[in-house]
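What the sequence shown shows, in mature numbering (1 follows the signal peptide of the UniProt record, and there is no 0), is residues -18 to -1, 1 to 165, in sequence order.
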Amino acid sequence: MIFTLAFCLSLVAAGAAANSVGTNKEATNLDIRKMVDVNETLVVLMRKHSNQTKVRCQSAKKAQKENETQYQYTLRARVKGGAVPKYVENNVTVTLEKIGASENYSSTYTQDGIKYNLTLKQMESNGDCFVIFVHKSDGQQGCELIAPLSKLNNTLRECKKYYKERCNGTNFALYKPRKCNYK
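Next comes the structure, spelled out in structure tokens:
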């Protein structure tokens, strides 16, 4: 089961710029460590890649810090279908990598044989939300809008504006209020 969420945090390597499914080529790469600093569950609200998935309610939670550049995350998602919602969890190791000569970092992890590279593109100054660009080794790529669980009811204005105006592709909502169980 592939869920990008992994996110979260972790993740995207060096400057995936973009094509018709990505972001504006001039978009700045921010430091993903700001997202890694979040110690609560991160929820993927929507994304513009991998839209054929049968999972919803994707989230990521930092489980453990191994060292300054490696973290363990638990990825969780609900599988679509069935009378009773079924949730699956996967543990991944997220590695932070410097972006070129800058002081900023992106992150990577591998799940089910697919490598995920994540770059932070936008965030609210108070940490209410993040927009990351995900590049997968299977060729799929695009943005994700992510927020800490405690911030889901906030306006997330800056992130939503960036996501709408700068991220290309078809939008796919993963967050379903009252249908998702984030533990």
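A virtual CB, placed ideally from N, CA and C, is assigned to each residue, including glycine.
Contact annotation: the segment 19 to 28 touches the segment 148 to 156, with at least three C-beta pairs closer than 8 Å. DSSP links GLY63 through a beta bridge to no other residue.
Assignment of beta-bridge partners to ASN99 by DSSP yields THR90 and HIS117.
Close CB contacts of ALA129 within its chain, under the 8 Å cut and outside five residues either way in sequence, are with LEU24, VAL25, LEU27, ASP110, CYS111, PHE112, ASN136, LEU138 and CYS141 (chain order). DSSP places CYS141 in the uninterrupted alpha helix (DSSP H) bounded by 139 to 148. Bridge partners of LEU134 according to DSSP: none are assigned.
In its chain, beyond the 5 residues on either side, GLU85, ASN86, TYR87 and LEU102 have a beta carbon closer than 8 Å to the beta carbon of ASP13. With a beta-carbon spacing of about 15 Å, VAL66 and ALA59 fall beyond the 8 Å limit used to define contacts. Here ASN49 is exposed. Its C-beta has fewer than 16 other C-beta atoms within 10 Å. The beta carbons of GLN54 and GLN46 sit closer together than 8 Å.
In the displayed model, LYS44 falls within a strand according to three-state DSSP. By the beta-carbon neighbour count (other beta carbons within 10 angstroms, threshold 16), SER32 is buried. Closest in C-alpha terms to VAL76, from the list TYR164, VAL18 and THR10, comes VAL18. Judged by beta-carbon spacing, THR90 lies within the 8 Å limit of LYS97, meaning their Cβ atoms are closer than that value. Counting C-beta atoms within 10 angstroms of its own C-beta, ASN73 has fewer than 16 neighbours from the protein chains shown and is therefore classed as exposed. Bridge partners of ASN73 according to DSSP: THR56.
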